[in-house]
Each structure stands twice: as C-alpha cells, then as structure tokens.
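A.B. asks: Going by this note's numbering, the sequence shown opens with residue 1, and the numbers climb by one from there. Can you keep this structure in mind? I'll have questions shortly.
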Amino acid sequence: MTGNHALAPPIPAAAEDADDPGRRFARLAGALALVERLAGMESPPEDRASAEDIAAGYGRATPIARRRFDALASETATFSAAGMEILLRQRTARRGDCRAAARRLAAEIATALAAMAALVARRGPAA
C-alpha cells in the first residue's frame, strides 16, 4: 500500500506556525492565564496538560487527529489574539469593566485547550 501516502501528505506543524505542538499549546495556555487575570480569576495550571504531554501525544496521534489539533490551535490563536487585543484596549482606555467579556474569552480558550488535549490524549493500548 505505497499509494496511501499520496492521499495523506506528511503532517508537519501548521504552515503558519512551525513550532512543535507542545509549544503552541503552552503559548495558548499562557494566553489563557493572562485572560483569566484580566477576568479576576485564578488559573489552576495543574489541571491542564503539559507541553511535553501534548508534544508526545501529538507524535502518537493519527493524521486526522493531528490535522484537527493544528486547525483548532490556529483557530484558537486567532480568536484569542483578537479577543485579548480588544480586552487590553478596553482596559487601557478605561471604558468600563471588561471582566465578564474576559471570563467568556477564558472559557472559550479553556474549552479549546481541553479539546486539543483530548485529540492527542493517550488512548489505551493498541489492539
């Protein structure tokens, strides 16, 4: 079955971000921590997967899981950056309380991080 590789090209990290998946995950977790501070929340980092766990899981993941992880990482980075820019602009301009919006953004980032971790989580032994 040498022709199968033509259907699924090798899966390096996403073209726009050549870093390893663990580093992308860690940057998004860092963004979440910042947003949580803006929301007045405390972040329990021990509840999240480590960058090393994510990188190892990504290495074992199926091509489909890797592609979904990459797409979700890119989407999350995009909406996180846009949301953080708006929150920081609001805070700098002192245009009222932005904690509710920051809590909502934090929840969205946390949900995306959990989904990313689930995509590359160790599944049981291979059958």
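Glycine residues also receive a C-beta, built at the ideal position from the N, C-alpha and C atoms. As the structure is a computational prediction, the values presented were derived from the model and not from experiment.
Restricting to Cα atoms, I'd like to know which of Ala56, Arg68 and Ala82 is closest to alanine 106.
C.D. replies: Stepping through the sequence shown from its first residue, residue 106 is reached at position 106. Considering only alpha carbons, the answer is Ala82.
A.B. asks: Report buried or exposed for glycine 30, applying the criterion of at least 16 other Cβ atoms within 10 angstroms of its Cβ.
C.D. replies: The sequence position of residue 30 within the sequence shown is 30, counting from 1. The residue is exposed, with fewer than 16 neighbouring Cβ atoms inside 10 Å.
A.B. asks: Would you mind stating whether leucine 38 and alanine 102 have Cβ atoms separated by less than 8 Å?
C.D. replies: Position 38 of the sequence shown, counting from 1, holds the residue named residue 38. Position 102 of the sequence shown, counting from 1, holds the residue named residue 102. Yes. Within cutoff.
A.B. asks: Does the Cβ-Cβ distance between glycine 22 and isoleucine 54 come in under 8 Å?
C.D. replies: Here residue 22 corresponds to residue number 22 of the sequence shown, with the count starting at 1. Here residue 54 corresponds to residue number 54 of the sequence shown, with the count starting at 1. It is a contact, given that the beta carbons lie within the stated cut-off.
A.B. asks: In or out: alanine 73 buried (at least 16 other Cβ within 10 Å) or exposed?
C.D. replies: Position 73 of the sequence shown, counting from 1, holds the residue named residue 73. Burial call: buried.
A.B. asks: Go ahead and pull the three-state DSSP assignment for glycine 124.
C.D. replies: By 1-based counting over the sequence shown, the position of residue 124 is 124. Note that glycine 124 has pLDDT 48, beneath the 50 cutoff, so the model's placement of it is unreliable and no number is given.
A.B. asks: In three-state terms, what does DSSP make of methionine 41?
C.D. replies: As a first step, residue 41 must be located in the sequence shown, where it is residue number 41. Correct three-state label for methionine 41: coil.
A.B. asks: Since alanine 118 contacts leucine 32 with CB under 8 Å, what's their CB separation in whole angstroms?
C.D. replies: Within the sequence shown, residue 118 is the residue found at index 118, counting from 1. Within the sequence shown, residue 32 is the residue found at index 32, counting from 1. In fact, because the Cβ distance is near 16 Å, the residues do not count as touching under 8 Å.
A.B. asks: Taking the alpha helix (DSSP H) that threonine 92 falls in, what are its first and last residues?
C.D. replies: As a first step, residue 92 must be located in the sequence shown, where it is residue number 92. Threonine 92 -> alpha helix (DSSP H) spans 63-93.
A.B. asks: Kindly list the residues whose CB is nearer than 8 Å to the CB of arginine 177, restricted to its own chain and excluding five residues on each side of it in sequence; keep chain order.
C.D. replies: Because the chain spans 1 through 127 in this model, residue 177 falls outside it and cannot be assessed.
A.B. asks: Report the rounded CA-to-CA distance for leucine 113 versus arginine 89, giving the unit in angstroms.
C.D. replies: Along the sequence shown, one-based indexing puts residue 113 at 113. Along the sequence shown, one-based indexing puts residue 89 at 89. When rounded, the distance between both Cα atoms is 25 Å.
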